[in-house]
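Report on the structure given below.
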Amino acid sequence: MAVAIRSASFVLKKKFSPLDAHNSSIWRKKKGFICKMSTSESPNLSHSITLPNKKSEPVRILAEPGVSSSDFWNAIDSSLFKQWLHNLQSETGILADGTLALRQVLIQGVDMFGKRIGFLKFKADIYDKQMGKKVPGIVFARGPAVTVLILLESDGETYAVLTEQARVPTGRIILELPAGMLDDDKGDFVGTAVREVEEETGIKLKLEDMVDLTAFLDSSTGCRFFPSPGGCDEEISIFLYRGRVDKEIITQLHGKETGLRDHGELIKVRVVPYKKLWRTTADAKALAAVALLEMATKEGLLPPSPT
1 MAVAIRSASF VLKKKFSPLD AHNSSIWRKK KGFICKMSTS ESPNLSHSIT
51 LPNKKSEPVR ILAEPGVSSS DFWNAIDSSL FKQWLHNLQS ETGILADGTL
101 ALRQVLIQGV DMFGKRIGFL KFKADIYDKQ MGKKVPGIVF ARGPAVTVLI
151 LLESDGETYA VLTEQARVPT GRIILELPAG MLDDDKGDFV GTAVREVEEE
201 TGIKLKLEDM VDLTAFLDSS TGCRFFPSPG GCDEEISIFL YRGRVDKEII
251 TQLHGKETGL RDHGELIKVR VVPYKKLWRT TADAKALAAV ALLEMATKEG
301 LLPPSPT
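Residues in the sequence shown are numbered from 1 upward in steps of one, following UniProt numbering.
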């Protein structure tokens, strides 16, 4: 599967200010006092970019108070931000027909996963040129991800393998398909899917037996699943894995504790009959996988199941 993600070309024009990235503080004199002000407290960072197809419409990028200089520049240089800019200008992008314009971006928050940005929060000021109205533009960027629907046949019954883990944003324990974010810019969706499944369930999958269910979608969709496009850029590839196992394997899997503990992953494996899956979980990934699988089966699109 050929994938090109997180790539965008644009011209960067840096505006240097008194609070440059190399300065950690600034001295200010007021009413006879000299005050030392930290740039991390009041960064006042500003930058300007020009999109390739919109050279007459420069875009101003600002940092919200509290965003450090390093986080600001990391955000601008990140694959997450570059991919978002690329999406805006793509064939199906919201800037493609020229009726909308991007004027400003406010970087609000950056969460680092080691040396790379994991999550990025920003506001985009995008206007309808004719009406002069702003389009809702709050963005939580986390980039592409993968999930796998694992179906194991045993004694005439087909079982789905899920994970149960604490999801702090929901405040709940969620039963869901194994899933994970892409860790690099290479777009290795299949390899990421296999690694995530092994980490979360302990099951080793064969690359050649993976079926990309989202590849059956029309090309105009980007062949990805968007779980929450109103606020998040996340796009998910959904894979299917089918296998046959002894019943004792099903028993051993159910309730197994897995996950990368040093990464805060406290995961339990759950196994449920596939026919009950659509009523057992509220996970959007699982429900989308069921819908894609059922329709692909109905249309005769699935390759033969491996023996």
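Backbone N, C-alpha and C define an ideal beta-carbon position, used for all residues, glycine too.
Less than 8 Å separating the beta-carbons of residue i and residue j?
i: residue 179; j: residue 266; result: no
i: residue 120; j: residue 78; result: yes
i: residue 148; j: residue 239; result: yes
i: residue 233; j: residue 141; result: yes
i: residue 95; j: residue 123; result: no
i: residue 283; j: residue 174; result: yes
i: residue 237; j: residue 212; result: yes
i: residue 89; j: residue 151; result: no
Got a sec, what are the start and stop residues for the beta strand (DSSP E) residue i sits in?
i: residue 275; result: Looking at the DSSP string, residue 275 is not in any beta strand (DSSP E); the run it does join, the alpha helix (DSSP H), is 274-280.
i: residue 163; result: 157-167
i: residue 126; result: 116-128
i: residue 110; result: 100-113
i: residue 179; result: 179-181
Identify whether residue i lies in helix, strand or coil by the three-state DSSP scheme.
i: residue 224; result: coil
i: residue 94; result: coil
i: residue 256; result: coil
i: residue 45; result: coil
i: residue 209; result: helix
i: residue 143; result: coil
i: residue 194; result: helix
i: residue 24; result: The predicted position of residue 24 is uncertain, since its pLDDT is 39 and thus under 50; a value taken from the coordinates is nonetheless stated next. Coil, per DSSP.
i: residue 134; result: strand
i: residue 54; result: coil
i: residue 6; result: Any reading at residue 6 is ruled out, since the residue's pLDDT is 35, under 50, leaving its predicted position unreliable.
i: residue 235; result: coil
i: residue 247; result: helix
i: residue 305; result: coil
i: residue 203; result: coil
Could you tell me how far apart the beta carbons of residue i and residue j are, in whole angstroms, since I believe they sit closer than 8 Å?
i: residue 202; j: residue 258; result: 5 Å
i: residue 225; j: residue 160; result: Actually they are not in contact, since the Cβ atoms of residue 225 and residue 160 sit about 17 Å apart, beyond 8 Å.
i: residue 177; j: residue 286; result: 5 Å
Taking 7 Å as the line, does the beta carbon of residue i fall inside it for any heavy atom of the ligand ADP?
i: residue 59; result: The ligand ADP is absent from the structure shown, which contains no ligand whatsoever.
Taking buried to mean at least 16 other C-beta atoms within 10 Å of its own C-beta, is residue i buried or exposed?
i: residue 305; result: exposed
i: residue 255; result: exposed
i: residue 116; result: exposed
i: residue 171; result: exposed
i: residue 83; result: buried
i: residue 143; result: buried
i: residue 192; result: buried
Which two residues bound the contiguous alpha helix (DSSP H) that contains residue i?
i: residue 66; result: Where residue 66 is concerned, there is no enclosing alpha helix (DSSP H), given that its DSSP letter is neither H nor E.
i: residue 298; result: 284-298
i: residue 79; result: 79-89
Taking CB distances under 8 Å as the criterion, tell me whether residue i reaches chain C.
i: residue 236; result: The chain inventory of the structure shown lacks chain C, comprising one protein chain alone.
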